[in-house]
Amino acid sequence: MNNQKAKSTWRGNHWINIFFVLFLIPSFGAYAQYESNAIVNFEKDFNYEKYNIKQRMPVSKCFLNEADMKYSKRVHSVIDTRQKQNHVLAWEKSSLPNLLWSNLMNGHLTGYSTDQMDESDQYFYPDSLKEFVCGYEIFQILDTINSTPNNPVFITVRRPRDFYPKEYPKFRIMEDWVFDYKRGVMEQRIIGIAFISKGWLAGGIQDEREFPVVWIKMEQLRPILTNSELFNKSNDAGRLSYDDFFQLRLFDSYVVKESNEWDQDINMFPEFRDNGVDALLESERVKNDLFIFEHDLWEY
86 MNNQKAKSTW RGNHWINIFF VLFLIPSFGA YAQYESNAIV NFEKDFNYEK
136 YNIKQRMPVS KCFLNEADMK YSKRVHSVID TRQKQNHVLA WEKSSLPNLL
186 WSNLMNGHLT GYSTDQMDES DQYFYPDSLK EFVCGYEIFQ ILDTINSTPN
236 NPVFITVRRP RDFYPKEYPK FRIMEDWVFD YKRGVMEQRI IGIAFISKGW
286 LAGGIQDERE FPVVWIKMEQ LRPILTNSEL FNKSNDAGRL SYDDFFQLRL
336 FDSYVVKESN EWDQDINMFP EFRDNGVDAL LESERVKNDL FIFEHDLWEY
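Written out as structure tokens, the structure is:
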């Protein structure tokens, strides 16, 4: 009799443990994002509390084995938020420039000066990053201590400019197009994303050419994108996250660089430097070659 009671007690405790594992532990994981100091964007002025986007976790990528990689190509593309398909990235309540910049300033994201994205080119201080990306203003103010009515003295003041999202309508993404032989898939994986702007030089002078001013690792950025909602013009109750937007490749972009022995953009080659039309055609050729390569992998 005692053995039967002990078995029934053990079974009861066993089911309680199973209930705890199945229902309580996932709830802790759902709210794990709130422990971070990351800034996420979602619309708050609704009649109901919105949890769908806030409780999401980024879906992990499949493991890639070098022995199964039969083809790989690194490509750089530009996303212009002024294009119709990309307008949602410039949504005033949750714009991509604001999302990236706010997390760079609070230290939750790490900014890099080159696409190598290692410690040698890391921006360690937010002030230096802000000065390089946003620039600074130089003006003179009256020195009230050393000035006299007949001899006013002015001092030169240097102040960083504020960040204006509309000054950064374009972004550059670096991605790898890989063919996994074992899984039989051709997929694109975004490695990093960068602001494109005219950098600020010494003396408060802005550079004439546009280039990526700060790079961010997509692996570090994905948890923030997962908890930030994207505008849906068809249904406010069915919004996607920024991570959905990038992983499903709902954006429109054009290729500006493929891996080459000179490590140069398409428009830096002599035959395309002064001819924007030919550079655009070369961009379409690169994209079409990738499409044909993927298409020819299969038999129909």
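Here this note's numbering is used: the first residue of the sequence shown is 86, the next is one more, and so on. Yeah, the Cβ is synthetic: ideal placement off N, Cα and C, and Gly gets one too.
Using a beta-carbon distance below 7 Å, is residue 279 in contact with chain C?
Included in the structure is just one protein chain, with no chain C present.
What span of residues does the alpha helix (DSSP H) with residue 309 cover, start to end?
For residue 309, the uninterrupted alpha helix (DSSP H) run begins and ends at 303 to 311, by DSSP.
CB contact flag (residue 331, residue 173, <7 Å)
Residue 331 places its beta carbon 7 Å or farther from that of residue 173.
Burial state of residue 197, where buried means 16 or more other Cβ atoms lie within 10 Å:
Residue 197 comes out buried.
Smallest Cα separation from residue 337: which of 148, 171 and 234?
Distance from the Cα of residue 337 is smallest, within the candidate group 148, 171 and 234, for 171.
Separation of residue 351 from residue 367, as counted between CA atoms:
Rounded to the nearest whole angstrom, the CA to CA distance from residue 367 to residue 351 is 8 Å.
heavy atom of the ligand MN below 6 Å from residue 148 C-beta:
Among the components modelled here there is no ligand, and therefore nothing to report on the ligand MN.
Beta-carbon spacing of residue 253, residue 282 below 7 Å
One thing to note: residue 253 has its Cβ within 7 Å of the Cβ of residue 282.
Can you tell me which residues form a DSSP beta bridge with residue 161?
Looking at the DSSP output, residue 161 sits in a beta bridge with 259 and 342.
Leaving out five residues before and five after residue 284 in sequence, what residues of the same chain have Cβ atoms less than 6 Å from its Cβ?
Sequence-distant partners of residue 284 (beyond 5 residues in either direction) whose C-beta falls short of 6 Å from its own C-beta, in its chain, are 292 and 298.
Which full runs of the beta strand (DSSP E) of 3+ residues lie inside the stretch 181 to 238, going along the chain?
Correct list: 221 to 227.
One question on the structure: do residue 256 and residue 278 come within less than 7 Å of each other, judged by their Cβ atoms?
Yes; because the gap between Cβ atoms is below 7 Å, this pair is in contact.
Under the rule that 16 or more other beta-carbon atoms within 10 Å means buried, what is residue 215, buried or exposed?
Buried.
Would you check if the stretch 360 to 378 and the stretch 144 to 164 touch, i.e. whether three or more CB-CB distances between them fall below 8 Å?
Contact between the stretch 144 to 164 and the stretch 360 to 378 is present, because at least three Cβ pairs lie under 8 Å.
Look at the alpha carbon of residue 302 and the alpha carbon of residue 182, and state the distance between them as a whole number of angstroms.
Rounded to whole angstroms, residue 302 and residue 182 show a C-alpha spacing of 15 Å.
Taking 7 Å as the limit between beta carbons, can you name the residues of its chain near residue 103, skipping five residues before and five after?
The predicted position of residue 103 is uncertain, since its pLDDT is 47 and thus under 50; a value taken from the coordinates is nonetheless stated next. Result list for residue 103: empty, nothing under 7 Å.
Give me, in chain order, the residues of the same chain whose beta-carbon lies closer than 6 Å to that of residue 375; leave out the 5 immediate sequence neighbours on both sides.
Counting only Cβ-Cβ distances below 6 Å, and skipping sequence neighbours, we find 262.
Once you ignore the five residues that flank residue 190 on each side, which residues in its own chain have a CB closer than 6 Å to its CB?
If the five residues before and after residue 190 are omitted, its C-beta is found closer than 6 Å to the C-beta atoms of 211, all from its own chain and listed in chain order.
Give every residue of the same chain whose Cβ lies closer than 8 Å to the Cβ of residue 110, excluding the five residues on either side of it in the sequence, and list them in chain order.
Bear in mind that the predicted position of residue 110 carries a pLDDT of just 41, short of 50, making it too unreliable to give a figure here.
Please look up how many angstroms separate the CB atoms of residue 138 and residue 324, rounded, as I've assumed it's under 8 Å.
At roughly 7 Å, the Cβ-Cβ gap stays under 8 Å, so residue 138 and residue 324 are in contact.
With DSSP as the reference, please indicate the residues paired to residue 273 in a beta bridge.
According to DSSP, residue 273 shares a beta bridge with 262.
In DSSP terms, what residue 294 is bridged to:
BP columns for residue 294 are empty, so no partner.
I'd like to confirm the pairing. Which residues does DSSP put opposite residue 299 in its beta bridges?
Partner(s): 280.
Leaving aside the five residues before and after residue 234 along the sequence, list all residues of the same chain whose C-beta is less than 8 Å from its C-beta, in chain order.
Taking C-beta separations shorter than 8 Å and ignoring five residues to either side along the sequence, residue 234 has no partners in its chain.
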